[in-house]
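Working notes for the structure below.
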Amino acid sequence: MRQSPYHRPRDPFWYMRRSVYRRYMVREATSVFIGLWMLNLILGILQLSRGEAAWTAWLTWQQHPLMLTFSGLTLIMAMVHTTTWFAIAPKAMPKFIAGKAVVHQQVVIGHWLVFGLVSLFLLVAVYWGA
Amino acid sequence: MRWKHHEPFFWSLFGAGGVISAFCVPVMVLLTGFLLPLHLLPEAAYNYESLHALAQNLWVKGAILVIVALSLWHCAHRIFHGLHDVGVSTGPLARTLTYGLAGLSSLALLILLLTL
Amino acid sequence: MTIPATDNTSETAPSKSEAGITLEILRYIPGTHSEPTFQRFEIPYVEDWSMLDALGYIKDELDSSLSYRWSCRMAVCGSCGMMFDGVPKLACETFLRDYYPRPIRVEPLENFGIERDLVIDQEPFLEKLESVKPYIIDAMANAPSGKPGAPAGHERETIQAGENRQTPKELALFDQYSMCINCLLCYSACPQFGLNPAFLGPAAISLAHRYNQDNRDQGNADRAPALNEEDGVWSCTFVGYCSEVCPKSVDPASAIQQEKVRGATDWALSWLLPKGAR
Ligand code: SF4
Ligand code: FES
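In order, the protein sequence lines correspond to chains E, B and Y. full-length UniProt numbering applies: residue 1 is where the first sequence begins, and numbers increase by one. full-length UniProt numbering applies: residue 1 is where the second sequence begins, and numbers increase by one. full-length UniProt numbering applies: residue 1 is where the third sequence begins, and numbers increase by one.
Below is the structure:
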């Protein structure tokens with residue numbers, strides 16, 4: 001009779017074991033920072049709607065070293081998200097689009113170009129449009 | 001085919017949020033997290049009236065809503081699956097705390113923007 | 001035709017005075033061991049030995065009870081997958097020289113039940129593979145005189161009617177995914193499979209994708225139930241390590257992503273189309 005196979009116990013901290021997994025966890029953790037930052041932004045819009053005093057209070061709070069540190073970490077994590085997301089993007093695409101072969105490297109470069117344009121557009125809009 | 005779950009819905013919105021946040025979040029954090037509080041933006045940005053007026057522009061409202069709501073959903077999806085990864089159960093409570101929170105915050109933002 | 005004599009000198013066991021290397025192998029013999037334990041083997045170091053050669057030396061010279069799977073010795077059959085220093089690899093294309101002089105830890109593929117020593121239980125995988133129907137379904141439906149959904153017996157008649165042509169581009173849609181040798185390295189690389197053994201997993205989804213992408217195949221709907229399940233493509237969080245360890249550059253992670261897109265389309269259509277057409 002066939003013996004039932006032996007199952008080794010699972011490691012609950014599996015994500016610490018390989019650098020690939022640790023990098024994966026950092027990628028997933030970007031969501032915690034981006035999410036919290038979005039909530040903070042909603043708070044800012046709420047304060048903006050409540051009048052000048054409330055808005056100024058929110059803005060002052062953003063200048064606190066703690067909040068600046070948080071924004072700094074979020075910026076780094078957001079860049080991690082962007083980088084990893086762009087790297088994966090071509091893999092979700094079909095092999096051919098409109099009869100032309102999809103070249104992964106070109107897709108990634110294309111994403112970064114759009115990223116540059118979006119960022120530049122917003123910065124220009126703020127500095128010259130204001 | 002009959003669907004016993006709606007994971008494609010969660011995943012599609014996650015994907016949309018992932019794309020939009022990958023493109024928009026870094027520059028948004030740079031602008032509102034650094035340049036704004038460090039007083040590095042043009043003077044108009046520190047004039048409450050003009051800022052308030054800007055936020056009342058329908059296009060700006062729409063952009064903020066789409067970016068924030070989809071990004072929040074994206075984050076909720078990742079955190080939900082992250083809870084599974086670290087061995088916390090993924091029951092209805094985890095779903096409510098992640099997707100639910102993202103949905104509620106987005107709803108609150110929508111109401112806020114409508115009344116702004 | 002004459003066959004040139006091969007030079008066998010490097011394959012003869014070297015003398016004891018030469019350099020050695022240590023293999024720490026996870027041993028488990030049901031009925032004898034209550035749980036797996038590491039056993040050290042000191043073997044001669046031969047520069048061009050693969051791990052499979054080293055295991056063969058141990059089995060022939062040191063301990064004949066050692067069990068492991070192998071066949072082709074050339075990365076084709078997919079039977080010799082195991083963990084070397086915690087990384088899933090094929091024993092036949094992993095070499096002692098890449099580790100020398102450090103000792104090497106050899107373990108059975110992670111995330112699987114152990115049958116004996118380095119032999120893992122493939123049964124659950126084979127069931128999954130079957131569930132995605134990895135073969136061409138209704139091949140002649142598109143042949144010149146073929147009728148979709150025709151019974152199997154009908155296929156033989158339609159073969160006379162004309163061949164089922166495929167352009168290089170149509171082949172390019174799936175050839176990469178057809179390279180899979182079922183070595184299961186990707187399953188050992190996948191933490192989601194480790195967390196949830198019911199997950200359909202990288203290779204099964206890659207092979208499903210391979211047939212879904214084949215223009216001769218009409219079986220997408222037959223594969224959809226297994227793929228669209230929660231334990232189908234949706235358990236994947238794109239860790240991506242599966243694609244890194246795959247010895248055949250199948251890139252299972254990309255197949256899963258594309259099957260998610262297909263699944264999401266299916267799901268959206270299930271709302272848009274009238275009930276009967278689903
Ligand atoms: S996809 Fe690659 S790693 Fe996975 S079983 Fe097939 S050949 Fe092996
Ligand atoms: S022995 Fe066949 S793949 Fe290694």
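Glycine is no exception: its CB is placed at the ideal position from the N, C-alpha and C atoms.
I'd like to confirm the pairing. Which residues does DSSP put opposite Y:Val87 in its beta bridges? Y:Phe84
Beta carbon nearer than 7 Å to a non-hydrogen atom of the ligand FES: Y:Leu52, Y:Trp70, Y:Ser71, Y:Cys72, Y:Arg73, Y:Met74, Y:Ala75, Y:Val76, Y:Cys77, Y:Gly78, Y:Ser79, Y:Cys80, Y:Leu90, Y:Ala91, Y:Cys92, Y:Glu93, Y:Ile181 and Y:Cys183
So, helix, strand or coil for residue 319 of chain Y, using DSSP? The first residue shown for chain Y is 1 and the last is 278, placing residue 319 of chain Y beyond what the model contains.
Consult DSSP for E:Lys100 and reduce its assignment to one of helix, strand or coil. E:Lys100 sits in a strand when the DSSP states are folded into three classes.
In this structure, does DSSP put Y:Ser145 in helix, strand or coil? Residue placement at Y:Ser145 cannot be trusted, given a pLDDT of 49 that sits under 50; the coordinates are not used to answer.
If the criterion is Cβ atoms closer than 9 Å, does the pair Y:Arg210 and Y:Asn164 meet it? no
At the level of alpha carbons, what is the spacing between Y:Glu244 and Y:Pro88? Taking the straight line joining both Cα atoms gives about 10 Å.
Please go through the same chain and pick out, in chain order, the residues whose beta-carbon is closer than 7 Å to the beta-carbon of B:Ala44, but skip the five residues on each side of it. Ser50
The ligand SF4 and Y:Cys246: does the residue's C-beta get closer than 8 Å to at least one heavy atom of that ligand? Relative to the ligand SF4, the beta carbon of Y:Cys246 is positioned inside 8 Å of a heavy atom.
Looking at E:Lys91: is its Cβ nearer than 9 Å to the Cβ of Y:Gln258? In this structure, Y:Gln258 lies closer than 9 Å to E:Lys91 by Cβ.
Within chain E, the residues that Y:Ser254 reaches when beta carbons sit closer than 7 Å: Lys91
Identify, in the order they occur along the chain, each residue of the same chain with its Cβ nearer than 7 Å to the Cβ of Y:Tyr100, setting aside the five sequence neighbours on each side. Ile21 and Tyr45
Would the segment 81 to 98 of chain E count as touching the segment 17 to 28 of chain B if we require 3 or more Cβ pairs under 8 Å? yes
Y:Arg210 lies in the beta strand (DSSP E); which residues open and close that run? Careful: Y:Arg210 lies outside any beta strand (DSSP E), inside the alpha helix (DSSP H) at Pro202 to Asn212.
May I ask you to verify whether the segment 103 to 115 of chain Y touches the segment 167 to 178 of chain Y, counting CB pairs closer than 8 Å and requiring at least 3? no
Which residues in chain E sit within 8 Å of B:Val27, going by Cβ to Cβ distance? Val118, Ser119, Leu122 and Leu123
Are there three or more Cβ pairs, one per stretch, closer than 8 Å when the segment 48 to 62 of chain E is compared with the segment 102 to 109 of chain B? no
In angstroms with no decimal places, state the Cα-to-Cα distance between residue 292 of chain Y and Y:Ile136. With chain Y covering 1 to 278 only, the question about residue 292 of chain Y has no answer from this structure.
If you draw a straight line from the alpha carbon of Y:Thr94 to that of Y:Ser50, how long is it in whole angstroms? Straight through space, the alpha carbons of Y:Ser50 and Y:Thr94 are spaced by roughly 5 Å.
How would you write the range of the beta strand (DSSP E) that Y:Ile136 sits in, first residue to last? Counting along the chain, Y:Ile136 falls outside any beta strand (DSSP E), and DSSP gives it neither H nor E.
How many Å lie between E:Val108 and E:Ala89 at the Cα? Here the alpha carbon of E:Val108 sits roughly 7 Å from the alpha carbon of E:Ala89.
Could you pull out every residue in the same chain whose Cβ sits closer than 8 Å to the Cβ of residue 280 of chain Y, ignoring the five residues on either side in sequence? Residue 280 of chain Y lies beyond the range of chain Y shown here (1 to 278); nothing can be said about it.
Helix, strand or coil: which one does DSSP assign to Y:Gly20? strand
Answer yes or no: the CB of Y:Pro124 versus the heavy atoms of the ligand SF4, is any distance below 8 Å? no
Neighbourhood of B:Phe14 by C-beta, 7 Å cutoff - its chain only, sequence neighbours within 5 removed: The beta carbon of B:Phe14 lies closer than 7 Å to those of Trp73, His74 and His77 in the same chain, with the five residues before and after it left out.
Does the distance between the C-beta of B:Ser50 and the nearest non-hydrogen atom of the ligand GTP fall short of 8 Å? Among the ligands modelled here, namely the ligand SF4 and the ligand FES, the ligand GTP does not occur.
With 16 as the cutoff for other CB atoms within 10 Å, does E:Thr74 come out buried or exposed? buried
Mind listing the chain Y neighbours of B:His81? Cutoff is C-beta to C-beta under 8 Å, in chain order. Thr237
Can you tell me whether Y:Leu118 is helix, strand or coil according to DSSP? coil
From the DSSP output, read off the bridge partner residues of Y:Phe38. Y:Leu26
Uninterrupted alpha helix (DSSP H) stretches inside the segment 28 to 71 of chain E (no shorter than 4 residues): 52 to 63
For chain E, check one thing: does any of its Cβ atoms lie closer than 9 Å to the Cβ of Y:Asp217? no
With B:Arg78 as the anchor, note down where its alpha helix (DSSP H) starts and where it stops. Leu58 to Asp85
Does DSSP put Y:Tyr57 in a helix, a strand or coil? helix
Option in Y:Ala198, Y:Ile114, Y:Leu26 and Y:Thr32 with minimal Cα separation from Y:Leu55: Residue Y:Leu26 is the option with its Cα nearest to Y:Leu55.
Helix, strand or coil at Y:Glu107 [DSSP, three-state]: For Y:Glu107, the secondary structure class from DSSP, reduced to helix, strand or coil, is strand.
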